[in-house]
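A short write-up of the structure that comes next.
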């Protein structure tokens with residue numbers, strides 16, 4: 122199997138320090154120490170096991186040497202990598218998970234939607250709308266990197282047609 126970059130959505134993992142280390146170690150062993158990883162999920166309590174939502178990205182091989190920056194949004198709904206290409210070209214790649222619930226939806230306590238609403242309220246949002254907030258947060262990252270001449274590539278589980 123060969124790939125340069127893979128994105129995973131709805132990973133359902135609480136990406137604790139240990140879980141991050143485990144994925145990075147496994148990817149590094151599989152891909153001859155060339156893997157770079159970035160993972161995201163909503164804020165959690167540090168427990169292992171099922172955790173709704175989340176994303177992850179893995180680059181490997183020569184492609185990993187071109188990764189110049191990587192990160193995630195504060196809600197844990199997307200991860201991103203900026204990749205420098207040849208001749209001053211670049212790519213900003215986002216892997217995103219967009220919750221299916223619309224603002225005001227009643228949802229179970231352990232859903233990604235509820236966790237994001239709680240987190241957004243803690244951050245000062247009076248009417249949290251995680252479904253639309255992910256698009257705003259992604260747009261911010263895309264605009265920043267496109268302003269530097271990078272081309273966008275978005276892999277998203279949008280839970281709807283776009």
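In our numbering, the protein residues as written are 122 to 283.
Virtual Cβ for every residue (Gly too), placed ideally from N, Cα, C.
Nearest C-alpha to residue 212 among 262, 228 and 243: 262. In the DSSP assignment, residue 251 falls outside any beta strand (DSSP E) and lies within the alpha helix (DSSP H) extending over 251 to 267.
Exclusion of the five residues before and after residue 279 leaves 219 as the residues of its chain whose Cβ lies within less than 7 Å of its Cβ.
CA-CA distance, residue 227 to residue 160, rounds to 27 Å.
Cβ atoms of residue 251 and residue 267 stay farther apart than 8 Å, at about 24 Å. Taking each of 229, 271, 276 and 245 in turn and checking the Cα distance to residue 210, the smallest one comes out for 271. Residue range 233 to 243 is occupied by the alpha helix (DSSP H) that includes residue 234. When the beta-carbon positions are compared, residue 255 and residue 172 stay at least 8 Å from each other.
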